[in-house]
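Protein chains in written order, with my numbering: chain A, 1 to 115; chain B, 116 to 232.
Here it is as structure tokens:
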């Protein structure tokens, strides 16, 4: 079974600084997708960024970027120029192959942003 | 973007009663919907996957007779917690995948907080 591990329960960052969240996963599949989701206090899950395993180039979305190390099965998220609105729980997630397959979530990392 | 709604957003019920939670895709048709459970300060745990017109597939350890899932149309799935007890109190979240041409995303509802007294 696939597992997703987030080793940092909580991370704190100063406003305008950069923070990196760690995620490792375990799979024997070659076709899969990785995601980072943000869950603010409202608890609405928001997709932050997505990475297809077959793509070597790391995904970026504005201030958010990933470091995808396929051989190491590592998928970290970097938040640059942190803003107060970035404070939330962040979940790393794995999905095997086709879109109908289920998401497997990591345990989450709480990000605190200090003004 | 694709919008998924849940109703109710919160519900309080007495022990032994049943509660129905609705998940609707508002502007797209959803072939597949997923139901998750989230305890305080924990991650999302998948309960079941439902495909329109067929029986739901439950994850190991989830009681299918207690958590009844119906996906009768391409825009609506329901989760019924039968004979609810205090340990069923949790945050329930659904997500939906677009039927066609929607790429690879699952779109999440805002969640339903269930409190069983």
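All C-beta atoms in this analysis are idealised placements derived from N, C-alpha and C, irrespective of residue type, glycine included. All of these numbers come straight from a predicted model, not from anything done at the bench.
Paired residues, beta bridge with residue i - DSSP
| i | result |
| --- | --- |
| residue 51 of chain A | A:34 |
| residue 191 of chain B | B:139, B:188 |
| residue 152 of chain B | B:160, B:207 |
| residue 5 of chain A | A:24 |
| residue 114 of chain A | A:14 |
| residue 145 of chain B | B:213 |
| residue 170 of chain B | Per DSSP, none; premise fails for residue 170 of chain B. |
| residue 74 of chain A | A:24, A:69 |
8 Å Cβ cutoff, residue i in contact with chain A
| i | result |
| --- | --- |
| residue 124 of chain B | no |
| residue 149 of chain B | yes |
| residue 223 of chain B | yes |
| residue 158 of chain B | yes |
| residue 226 of chain B | yes |
| residue 206 of chain B | yes |
| residue 141 of chain B | no |
| residue 220 of chain B | yes |
| residue 197 of chain B | no |
| residue 229 of chain B | no |
Straight-line gap, residue i to residue j (C-alpha atoms, nearest Å)
| i | j | result |
| --- | --- | --- |
| residue 177 of chain B | residue 112 of chain A | 33 Å |
| residue 195 of chain B | residue 181 of chain B | 8 Å |
| residue 192 of chain B | residue 172 of chain B | 13 Å |
| residue 147 of chain B | residue 198 of chain B | 26 Å |
| residue 211 of chain B | residue 229 of chain B | 20 Å |
| residue 70 of chain A | residue 64 of chain A | 19 Å |
| residue 170 of chain B | residue 31 of chain A | 27 Å |
| residue 150 of chain B | residue 92 of chain A | 18 Å |
| residue 10 of chain A | residue 134 of chain B | 34 Å |
| residue 41 of chain A | residue 88 of chain A | 7 Å |
| residue 167 of chain B | residue 39 of chain A | 27 Å |
| residue 113 of chain B | residue 2 of chain A | Outside the displayed span of chain B (116 to 232) sits residue 113 of chain B, for which this structure offers no information. |
With 16 other Cβ atoms within 10 Å as the buried cut-off, status of residue i
| i | result |
| --- | --- |
| residue 62 of chain A | exposed |
| residue 90 of chain A | buried |
| residue 57 of chain A | exposed |
| residue 268 of chain B | Beyond the ends of chain B as shown, which are 116 and 232, falls residue 268 of chain B; an answer cannot be given. |
| residue 156 of chain B | exposed |
| residue 117 of chain A | This structure cannot speak to residue 117 of chain A, because chain A is shown only from 1 to 115. |
| residue 14 of chain A | exposed |
| residue 12 of chain A | exposed |
Within-8 Å CB hit, residue i to chain B
| i | result |
| --- | --- |
| residue 108 of chain A | yes |
| residue 38 of chain A | no |
| residue 96 of chain A | no |
| residue 47 of chain A | yes |
| residue 34 of chain A | no |
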